[in-house]
Every structure is written in structure tokens, then in C-alpha cells.
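Here the structure comes first, spelled out in C-alpha cells, and everything after it is commentary.
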Ligand code: SF4
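Chains as they are written, first to last, in the working numbering: chain U, 20 to 215; chain R, 26 to 501.
Here it is in C-alpha cells:
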């Protein structure tokens, strides 16, 4: 996974609320067996409009997406994160996310920044004409107009993003603890193993 | 004395392998359900890193999303080819990956094949007090038997395959208590649609919802699975219903459920899981069962719920300006005018199926309404898709299939079908569907398709009249 620290560039002033994963990547794009190339299907229904933001001269390839409340709700498909990543997005900024989406984003090297609606409104305004700066190390979103918004992030997620860490390798360090848990489970509740 | 705990906290505590310095825990996963859509990239990842599946015995793979619901074998018993090359590739990948990694595999042609969330409880593979994951957000469904069950993405599927654990943050808890008795014609589906309308599509975000109260206790396991299935439509990651005698009765004797002395030990343990008196939830919502009518959605978010006796709302009637905008967009997509009576909305398509409503009780409820009647002429496409091969066999033994086919409905093979536009069952653009599935999102049932979420009995009623209909009017 590519480490992520500072991201600066144009931010797509999208702003829509309750954007579900069906909008981010429609179901027919799920019929793949690989992760690559999914950006072509990102926001397909919106991009059917020739004047859409995503393909406009200003925002094509922009690394930041500004969205509304409850971004990534709906189906748990991780394809949504792959699609955003393949589209070139490294940071999403929104007031809230579905739990599953924010987890999937981090696992795929995308930073989900949570900021209050007032900050989102201001960033939407700036983003129409000017770039936005995201600094994960210092947990800030800034603009060239003295705006400075701090955001919270789980320290573990932050470390994973900063170092581009693969979670499975991390968990494998706990192999002995998992083995001990399994032993104890077999002793305490042997019926937990599927009977057949 | 330990602090009183909720059902959720008890299951969580029993599964902590390790606690990280922050609140994050490494959680043991008891059951992993795998289907063909979200697993190919996970198996590819394992292969690329030379990893194996840690606990193949805790994993079942079954194809459901892509499988066509038409005949799968020809007259001579040979497998029929799948026309769509991408679907065929995903199914072939699962068929190859499962045995290669030593996982139990239920083939599309096996008698017990079905939608993964129907198969788990039906096989007794899903048990109370277990942690269950699947690369599908409606894994929440298994909460209906008292399992902590939630959907995961493909990276997590790979993580569970490799380590049988997940790194998770504890969720907040929310109680949704439904007290009282529901009226005639009101099903589990109406209860959960009503709840979603009350709490909103983001009402449960960050929470695990425990459904409590006399109206929930009165539900069968099938009904509880329907309720918990749509926890995710209210923004929650998981739903839970405390296991009780109804649950034990349902599970006893199922293939993967404990047997003999193990069964007794299991029941004793399951009984200890109920939320302790005095335990507190982060949030509680109380709903009067008497307020719940047969319900229907008008928009493109599952929170867009009105009673069937209601009207299409005016976007201006919402206080929140962004909801106003969303409602206006929804109505444009749905082709509806504010003020229209829901009962005047014609439907051309009927879908009875999906992991929300494809169990035997659902099919019985639909059949009871449609028996001796015929679908309306304006209904072009009406399909009934049992949730599993076993549900299908049971329904056929009861003669339900004949009731449907005599009424002009099609009787199909089990699978996800028209719940999502991934297999040949799709709703044409611009047409409406009265659907027993769980999502009315834009394009969910096909590009441009207009979904109205309803209960099985309400879908059957709509089939008969050709418009959204109050099922109570068709009840004797
Ligand atoms: S029936 Fe629908 S919601 Fe259920 S698992 Fe299949 S696609 Fe998902």
C-alpha cells in the first residue's frame, strides 16, 4: 500500500449526502475477479451527464473528494474504495461515513477525514476555485486563505496510512494469542465447532 | 459483581483475543460465509502472499449473487452454461478456490444452495452468541438468531481467511424497543420499514442495534431474521435479537447445530447472553407496535417510508434542506408527484425474494394473499424466488409453487435474483417494482428501475391489483 502523508491538490466539491456505494460503483462493476481498472465505473450514473464534476477539466484526476453526511452507506462492497482509488482519490472529506466504508477506505490507502458541516461548507466554497491541503501527520486540512481545520483519526488507522501497512502482516504477529484463544474456546465451549 | 452488560457487550467480551492500547480489539470470528462476488480478490491475495486459510472448518462458501434463477441442469442432469461471461468467471473462481483452500463448498446445483444469509441459519451454521462475518452488508441478518454478524469488505475477507480474526473498534449500543401487538396484515418487514423510517438511514451509524420488546419477542425466527437483516438500512453495522426458546426450537436438529450433551451446554450458554437487568444502551428508541401499518417506500433511501394509506410527501415538508433536495431528486427518479396516494401507484413488476423475505414463512404469507386470485394484466413480470433449495422444496411440498404459478407468477431457482442487478433478473428502466428486498437505491434493481420496498403479503397484493395496495383490503 502506498504510504499517505501530505495530499494537496484540487478537491472535488461534490457535497452530496447519503451517497451509497451503488452510486460510487454500480453493481454491474462488481463482476470482476481483479481490483484494477475500476475507476472507469466510479460514479457512473452521475458521469453519464457530460457536464459532471468528475470529468471536468478542473477536477479530473483530483486527489481529494468533498462529500456530505453518511458517505459510502449501503452495500459493504470494497469495490467502492478500489473505484475511488483507481480514480485517483487519496482523501475523502465528509461530516460522516458508513462504518464499513471508512474501514475499507483506510485498508486501501484512502484517508477518510471527518469535519463538521460548517467546515465542509467552507471547503466546498474554496474547492470550486482553489486547492486544498491535507496533512495526515498533523491532522489538518488547510487552504491558502488561512482556513485551518483539525480532524481526529484513530491512531492505529493513522499509523497504517502513514506507513502503508498491510493489516494481515500486523495481525500475524498475534499468532500465539490467536492459538491460545482457539485452545481455550475448544476447552470451554467445544460445541462452538460446527457439528457436521 | 460484574457490571450489568448488554447482549452485544457479552458477545464482544467473549471474543476478544487481544486488546490494543486504544480501544481496538482483535476479535475472533466463529463463522465465515463466503460467496462469489467479494471473495475472488481475497483468494487471489492469499495466493499472492503464499498464505493459507487458518480455519477452513469455520468457513462455508456458496454462490448466490450471480447465479441465474432459471433451471441449472438440463433434462439429462448436466450443468447448463451461464450466459454472462463475468458471472461465469466469478462462479468458476469460487468453485476452484473453495476446494483449493479446503473450504466447504455448496455448489449452485446442490439441494441446499441458496442465499448465503438464508443458508447459514437454515443449516444451523449460524448460532447464537457467535461472531459471523461475510463480504456482504446484509450479514446483519444473522443477528436475528442472536449472533453478532456484520458485513465486511474484501480486504477483511482475506484477513479473516488468513487469521480467523478481525481488528475492530467496539460499537455503541442502541436499543430499538417495539412494544405491543401489531395489527392484522403487519409483518416483520413492516416493523423494520417503520423503524427505518423513524430512526433514518443514518440513525444507527456507529451502533449495533438490539431489537427488544414484546412485538419482537412475538416474531418467529424467520421474522427476526427479516428485522435484523435491515439493521444496515438504519445505518447500524449489526442488529441483534436475544436468543430465546423460539430460537432454540428453530435451531435444534439442524445439520451444523450442536447435538446431544453439546446441545444442552450450548442452550445453557445462550440463555446467559440476554441483556442484564440494569444494563444501559447508548441510545434507546421506543416504538408502539400499534402505530405500525403495512408500509411502503416512496423514494430511493430506505428511510423514505410511509404507511400504504399515506401519500407521496412534498419535498418542501422536510425541515432539513439537504433532505428536501434529496427527496426532490428521489421523486424525479421515481417518477412520482407529491400528494399522490401510494395506493394509486401502478406497478409492472413484482419481486418476492432476497435474504430479507425469501424464507418459508414469507412465501406462505404471499401465497395466502394470492391463493385463488390472478395477477393483474398490467403486471408484466412477477417472480417468486425462494431463498434456498430447501425452502423451495418445502414450499413445493406445501403446494405453494402451484398457488403462485396458477396466479401467473413465475417460480424460480434460489439466489439473490432481482435484489440487485447482477444476474439476469432485472427491472427495466423507468418501470416500478413492488419488491420484498431491502434496498431501493437508484439503479439497485437495474439501471433506471424504480423500487418500492414492501412485505411479501403486500407484494402479493400488488401483483393481484397491479398497483400498490393495502393488503388488509384483500384479507378475508
Ligand atoms: S439477496 Fe440481496 S441483500 Fe441479500 S445477499 Fe443477496 S444481494 Fe445481498
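Glycine included, every Cβ here is placed at the ideal spot set by N, Cα and C.
If you're wondering where the values come from, they're calculated on a predicted model, not measured in any experiment.
Alpha-carbon to alpha-carbon, residue 315/R and residue 270/R: 25 Å
Exposed or buried, residue 297/R, counting other C-beta atoms within 10 Å across all chains shown (16 or more means buried)? The residue in question, residue 297/R, is exposed, as its Cβ has fewer than 16 Cβ neighbours within 10 Å.
Would the C-beta of residue 480/R count as close to the ligand SF4, meaning under 7 Å from any of its heavy atoms? no
When the Cα atoms are used, what is the spatial distance from residue 204/R to residue 236/R? Roughly 10 Å between the two C-alpha positions.
Pick out whichever of 265/R, 273/R, 320/R, 285/R has its Cα sitting closest to the Cα of residue 300/R. 265/R
By how many angstroms is the C-alpha of residue 131/U removed from the C-alpha of residue 347/R? Whole-angstrom Cα-Cα distance: 21 Å.
Name, going along the chain, the residues of the segment 53 to 69 of chain U whose beta-carbon falls closer than 8 Å to a beta-carbon of chain A. Structure shown: chain A not included; protein chains present are U and R.
On the criterion of 16 or more Cβ atoms from any shown chain inside 10 Å, does residue 199/R qualify as buried, or is it exposed? buried
Does residue 256/R get closer than 8 Å to chain U when you measure Cβ to Cβ? no
What are the start and end residues of the alpha helix (DSSP H) that includes residue 122/R? 110 to 125
Using a Cβ cut-off of 8 Å (strictly closer), state whether residue 39/U contacts chain R. yes
Can the beta-carbon of residue 93/U be found closer than 8 Å to that of residue 97/R? no
Nearest to residue 209/U by CA position, among 178/R, 55/R, 221/R, 172/R, is which residue? 55/R
Can you tell me the Cα-Cα spacing of residue 329/R and residue 222/R, whole angstroms? Here the C-alpha atom of residue 329/R lies approximately 6 Å from the C-alpha atom of residue 222/R.
Cross-strand partners of residue 160/U (DSSP beta bridge): Note: residue 160/U sits in a beta bridge opposite 153/U, 168/U.
C-beta atoms of residue 95/U and residue 178/R nearer than 8 Å: yes
Mind checking who residue 308/R pairs with in its DSSP beta bridge? 199/R
Taking residue 168/R as the query, report the chain U residues whose CB atoms sit under 7 Å from its CB, ordered along the chain. None at all; the shortest Cβ gap to chain U is about 15 Å.
Run through DSSP, which three-state label would residue 445/R get? It is coil, neither helix nor strand.
At a cut-off of 7 Å, would you count residue 451/R as near the ligand GTP, judging by its Cβ distance to the nearest heavy atom? This structure does not include the ligand GTP; its bound ligands are the ligand SF4.
Tell me residue 234/R's beta-bridge partners as DSSP assigns them. 199/R, 264/R
Among 49/U, 171/U, 145/U, 146/U, which has the Cα closest to the Cα of residue 154/U? 171/U
CB contact check: residue 35/R to chain U, cutoff 8 Å: no
Work out the CA separation of residue 323/R and residue 220/R for me, nearest whole Å. 15 Å
Should residue 148/R go down as buried or exposed, given a rule of 16 or more other Cβ atoms within 10 Å for buried? Buried, because 16 or more other Cβ atoms sit within 10 Å of the Cβ of residue 148/R.
Residue 197/U: contacting residues in chain R (beta-carbon distance under 9 Å): 42, 43, 51, 53, 79, 188, 189, 190
Can you find a CB in chain U that lies within less than 8 Å of the CB of residue 65/R? yes
My understanding is that residue 215/R touches residue 320/R, with C-beta atoms under 8 Å, so please give their C-beta distance in whole angstroms. 5 Å
Is there a C-beta anywhere in chain R that falls below 8 Å from the one on residue 46/U? yes
Please state the DSSP three-state secondary structure of residue 77/U. Here residue 77/U sits in coil by DSSP.
Out of 435/R, 449/R, 477/R, 394/R, state which residue places its alpha-carbon closest to the alpha-carbon of residue 359/R. Taking residue 359/R as reference, the option from 435/R, 449/R, 477/R, 394/R with the minimal CA-CA separation is 477/R.
9 Å Cβ cut-off: residues of chain U touching residue 184/R: 126, 186, 187, 190
Opposing strand residues paired with residue 33/U [DSSP bridges]: According to DSSP, which records beta bridges pairwise, residue 33/U is partnered with nothing at all.
If you run the structure through DSSP and keep just helix, strand and coil, what is residue 406/R? strand
How about the segment 34 to 44 of chain R and the segment 77 to 84 of chain R: do they share at least three Cβ pairs that are nearer than 8 Å? no
Assuming residue 58/U and residue 105/U are in contact, meaning their beta carbons sit under 8 Å apart, how far apart are those beta carbons, in whole angstroms? The beta carbons of residue 58/U and residue 105/U sit about 3 Å from each other, so the pair counts as a contact at 8 Å.
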